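If you read the sequence shown in numbering that gives the first Met the number 0, its first letter stands for residue 0, the second for the next number, and so on. Have a look at the structure below before the remarks.
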Amino acid sequence: MIQYSGDSYSQTGFSITGTKPSVSNPIGNPAFPGYTTTSNGNNWITYLLHPSSASTLLNYNLASGGATTDASLNLSPLPSNSLTASNTLIGIWIGVNDVGNAWSNANWPTLSQKIIDQYFTQVQELYASGVRNFLFLTVPPIQKTPAAMAQPNFTQSTEGAAVGDYNKLLVKAVDYFKAKNEGVTTWVYDTGDAFNTAIASPKTYGAKDASCYNGDGTSCLWFNGYHPGQAIHKLVAAGVAALVGL
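This is how it looks when you write it as structure tokens:
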């Protein structure tokens with residue numbers, strides 16, 4: 000079983016009070032592939048439900064569009080008989096809105112550390128509840144989104160530096176969390192690999208260039224000015240699957 004927390008890059012519109020995931024319906028609700036606000040189709044989570052894993056992976060996706068770290072790591076209780084240390088993976092892709100909304104703040108170095116501290120306060124609560132397997136996804140290169148590319152070079156480079164600094168703090172926090180908690184298994188997936196692969200060769204992925212966007216989710220790399228389309232989501236899913244062994 001996999002439980003996800005995050006923002007619009009991950010959400011599928013799941014409601015904890017609706018139909019629960021099952022072997023025949025791995026995302027529960029809404030109907031597959033769910034309400035994916037960033038791709039007009041599959042996102043990285045639903046791409047992970049390939050035929051070889053769909054019979055075993057049940058997905059409780061608590062990601063919510065616009066979420067930031069303080070509000071996003073939803074700890075809603077899962078069915079009491081479903082959560083065990085061995086059969087549950089927590090996947091967290093958060094920080095896009097934290098960095099995107101605040102990178103230009105004069106106190107960003109201090110603020111980013113506070114965000115990470117809050118992040119891992121909540122991760123520690125998950126550990127206390129019995130979870131032992133954690134997947135962390137880094138903030139992607141949002142300075143390369145069409146919206147950011149329309150800004151001056153200085154803005155792009157400064158935002159890119161903020162992304163890099165945040166991700167370094169994330170990796171450091173993961174290492175510390177693992178060192179102080181017995182029995183923890185962690186993975187960190189660098190989402191920049193998927194994004195940069197597509198951006199470096201857009202025509203390979205059906206796009207005319209690296210900056211166009213289209214709400215069909217497939218004819219450009221980007222669904223809109225800030226969210227990736229299906230090709231990038233598929234690359235993220237492939238990278239996660241290879242890293243974790245899904």
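All C-beta atoms, glycine included, are put in the ideal place defined by N, C-alpha and C. It should be emphasised that the depicted structure is a prediction, and the values quoted were computed from it without experimental measurement.
The residues Met-0, Pro-20, Pro-25, in chain order, have a CB closer than 6 Å to that of Leu-57 in the same chain once the five nearest residues on each side in sequence are set aside.
Gln-150: not part of any beta strand (DSSP E); DSSP gives it neither H nor E.
Gly-214 and Ile-198 have their C-alpha atoms spaced approximately 18 Å apart. The beta carbons of Ile-93 and Leu-125 sit about 13 Å from each other, so the pair does not count as a contact at 8 Å.
Lys-207 and Leu-110 have their C-alpha atoms roughly 38 Å apart. Counted as a single uninterrupted DSSP element, the stretch harbouring Val-130 is not any beta strand (DSSP E), since DSSP gives it neither H nor E.
Counted as a single uninterrupted DSSP element, the stretch harbouring Ile-15 is not any beta strand (DSSP E), since DSSP gives it neither H nor E. C-alpha of Asn-166 to C-alpha of Thr-154: approximately 18 Å in a straight line. Across the set Thr-184, Lys-233, Thr-16, the C-alpha of Thr-184 shows the shortest separation from the C-alpha of Val-130. A distance below 6 Å between beta-carbons, with the five flanking residues on each side excluded, links Gly-216 to the following residues of its chain, in chain order: Ser-38, Asn-39, Gly-40, Phe-222, Gly-228, Gln-229.
With contacts defined as CB atoms closer than 8 Å, Tyr-46 and Thr-11 fail to qualify as a contacting pair.
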